[in-house]
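Residue numbering for the sequence shown follows my numbering, beginning at 10 and increasing consecutively. First the structure, in the form of structure tokens, and then the observations on it.
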Amino acid sequence: MTERVDEFTLWDLQVEVIGEPETMVCSHRPGDVLELRGENLSLPAGQTFPVYPLAALLPILTAKQRPTDPADWMTTDTDIACPDPLCGARFRITRTGRSTFRHGEVTRVPMPPPEPRDAP
10 MTERVDEFTL
20 WDLQVEVIGE
30 PETMVCSHRP
40 GDVLELRGEN
50 LSLPAGQTFP
60 VYPLAALLPI
70 LTAKQRPTDP
80 ADWMTTDTDI
90 ACPDPLCGAR
100 FRITRTGRST
110 FRHGEVTRVP
120 MPPPEPRDAP
């Protein structure tokens with residue numbers, strides 16, 4: 010029986026607001042950033058980020074954290090439009106590094122037993 014590895018890695022992400030300020034209607038501004046490491050979002054001191062664009066970005070961010078195939082659009086596409094159709098902002102998502110986590114540190118659900126290998 011093989012030993013089960015309980016470590017996994019996620020990409021650390023930075024989201025930067027890009028676009029021309031005169032085209033934006035939400036309260037984000039070019040250069041605003043947020044960072045995501047694991048399940049934790051952080052913003053620079055004194056900076057805010059509007060909740061509606063954040064709600065639209067969250068499913069994309071959690072997908073961008075996972076390893077993806079080099080040909081997958083999730084790997085290659087970095088700019089996401091603001092969900093407000095009248096706002097000209099875009100959000101550039103950059104993978105900045107990787108963080109390693111242990112299964113037992115992020116959930117109380119036990120690891121399933123390893124599947125037996127097929128006999129030769």
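Even glycine gets a Cβ: it sits at the ideal position worked out from N, Cα and C.
Residue i (DSSP reduced to helix, strand or coil)
i    : result
P95  : Sequence inspection shows Leu at residue 95; the Pro mentioned does not correspond to that position. Coil at L95, not helix or strand.
L52  : coil
V42  : strand
T77  : coil
T87  : coil
G113 : helix
T103 : strand
M10  : Unreliable positioning characterises M10 in this predicted model, as indicated by a pLDDT of 48, which lies under 50. A coordinate reading is not provided.
Own chain partners of residue i with C-beta closer than 6 Å, once the 5 adjacent residues on each side are dropped
i   : result
L95 : V34
Anticipated Cβ contact below 8 Å, residue i with residue j, distance rounded
i   : j    : result
Q74 : L22  : 6 Å
E29 : R101 : With a Cβ gap of about 14 Å, E29 and R101 do not count as contacting.
Check: residue i C-beta below 8 Å from any heavy atom of the ligand NAP
i   : result
G97 : Here there are no bound small molecules, and the ligand NAP is not part of this structure.
8 Å Cβ shell around residue i - same chain, five flanking residues per side excluded
i    : result
R104 : W20, D21, L22 and K73
D15  : R111, H112, G113 and M120
Burial state of residue i, where buried means 16 or more other Cβ atoms lie within 10 Å
i   : result
L67 : exposed
A98 : buried
D41 : buried
L52 : exposed
Delimiting residues of the beta strand (DSSP E) encompassing residue i
i   : result
T18 : E16 to I27
Proximal residues to residue i (C-beta, below 7 Å), its chain only, five neighbours per side dropped
i    : result
H37  : V26, F58, P59, P62 and A98
S108 : T18, L19, D21, R46 and G47
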